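Visitor: Below is the structure I would like to discuss, written out as structure tokens.
Residue numbers (the UniProt record's numbering): 1 to 387.
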């Protein structure tokens, strides 16, 4: 038996939200059903648990885990405290996804925060939605990661000038590739997102197991002894000497590295069996990333002396590869890893945020809303991806 629940939109009009058999996505009854049918996807196009996990992973795993650990250690001055803070950052991410799970399971529709703010802040009408639309459409872009992609492609190619218009041009190509892929080949877009997610996990696992090898003595430098008196606070030039300011700043950097755990909430309407898929995928992805991040930090401390780690001006993973595999291996492989990581982030963000833009257009919040809400010609929100 299907059961009906009341849903009150931002205009204060109560509609009936019908929950069908098999935990299917709800739809607005009455005239709105005809509108919703335009955007209905075939089951073959819907996203399962694996796809949802990699949508989250690709947004969470960017450049942060390859660079942020050095700054965190410099601010805290302690190996043990740094590791605890990375674990605490993962716990904070899990608490955040717990809240979003409650919202997502109660309102299993694409759009993420748009739906949740409309449910909580119903008056003044459309205020919260318009504020969110302004923030997401005007500021929610991928220029930073696309530019980073261009820079690291140039790094990997051996360029001595990894910046300027060449890097920006490569970044534009990256964004254009994401738009064309998700607009014209949506199935392949998700497949590539999944493939890049697998690659990111493989890279982090490679770092973790290389760290275990370094702990066993397989490294090109003497033992840094970083785990002797792990909770002692280092002092001197290059260290933050702990303290409230240092810990707070370090935690903010860690939280930024965990950013992206909400990505699947934007596409709930395109999930197979959405309540079950979201309930399984979100905690699995965030928990997995937390474990990988903590173990990656253990690996870094196993192969990099404290002084080098605190004062380094390069990506910490570069020092790790240099100390374990040699200078040439680190110089060649790491920029390519980071570039591919940035590409995965751009693809995951452009896919998910296009659904948020489309949901706003469906409510008439954007100029020429019918155009931005359209799924033509490939049954994908091409216009919203372009935004």
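Glycine included, each C-beta is placed from N, C-alpha and C at the ideal position.
Being a predicted model, the structure only gives us computed values, none of them experimental.
Residue 347 and residue 111 - do their beta-carbons sit closer together than 7 angstroms?
Guide: Cβ distance not < 7 angstroms, so residue 111 and residue 347 don't count as in contact.
Visitor: For residue 48, collect the residues of the same chain with a Cβ closer than 8 angstroms to its Cβ; drop the 5 residues on either side in sequence, then sort them by chain order.
Guide: Correct list, in chain order: 271, 272 and 277.
Visitor: Look at the Cβ atom of residue 109, then the Cβ atom of residue 269, and state whether they are nearer than 7 angstroms.
Guide: A contact, by the Cβ cut-off of 7 angstroms.
Visitor: Measuring CA to CA, which of 294, 217 and 145 is closest to residue 341?
Guide: Checking every option, the nearest Cα to that of residue 341 belongs to 145.
Visitor: Would you identify the three-state DSSP class for residue 47, choosing helix, strand or coil?
Guide: Three-state result, residue 47: strand.
Visitor: Rank 369, 311, 301 and 198 by C-alpha distance to the C-alpha of residue 53 and give the top, closest one.
Guide: Closest option to residue 53, Cα to Cα, is 198.
Visitor: Taking the alpha-carbon of residue 294 as reference, which of 74, 58 and 84 has the nearest alpha-carbon?
Guide: Answer by Cα proximity: 84.
Visitor: Between which two residues does the alpha helix (DSSP H) harbouring residue 265 extend?
Guide: Note, residue 265: premise wrong, no alpha helix (DSSP H); not H, not E.
Visitor: Going straight from the alpha carbon of residue 59 to that of residue 249, what length do you get?
Guide: Looking at the two C-alpha atoms, the distance is approximately 22 angstroms.
Visitor: Cα separation between residue 138 and residue 55?
Guide: Their Cα atoms are separated by approximately 22 angstroms.
Visitor: Please confirm whether residue 352 and residue 267 have their CB atoms less than 7 angstroms apart.
Guide: Going by C-beta atoms, residue 352 is nearer than 7 angstroms to residue 267.
Visitor: Check whether the segment 174 to 190 touches the segment 367 to 384, counting contact only when three or more Cβ pairs, one atom from each stretch, lie closer than 8 angstroms.
Guide: Contact between the segment 174 to 190 and the segment 367 to 384 is present, because at least three Cβ pairs lie under 8 angstroms.
Visitor: I need the DSSP call for residue 154, collapsed to helix, strand or coil.
Guide: Residue 154 falls in the helix class under three-state DSSP.
Visitor: Quick check on the DSSP output: the alpha helix (DSSP H) that includes residue 216 runs from which residue to which?
Guide: Segment: none, residue 216 is in no alpha helix (DSSP H) and carries neither H nor E.
Visitor: So is residue 143 buried or exposed if we call it buried at 16+ other beta carbons inside 10 Å?
Guide: That one is exposed.
Visitor: In the DSSP assignment, find the unbroken alpha helix (DSSP H) run with residue 178 in it and report its ends.
Guide: It spans 165 to 184 - the alpha helix (DSSP H) in which residue 178 sits, taken as one unbroken run.
Visitor: Residue 311: buried (16+ other C-beta within 10 angstroms of its C-beta) or exposed?
Guide: Exposed, by the Cβ-count rule.
Visitor: With a Cβ-Cβ cutoff of 7 angstroms, do residue 212 and residue 339 count as a contact?
Guide: For residue 212 and residue 339, no; Cβs fall outside 7 angstroms.
Visitor: Enumerate in chain order the residues of its own chain whose CB-to-CB distance from residue 305 is below 7 angstroms, with the five nearest sequence positions on each side excluded.
Guide: For residue 305, where only same-chain residues beyond five positions count, the Cβ hits under 7 angstroms are 224.
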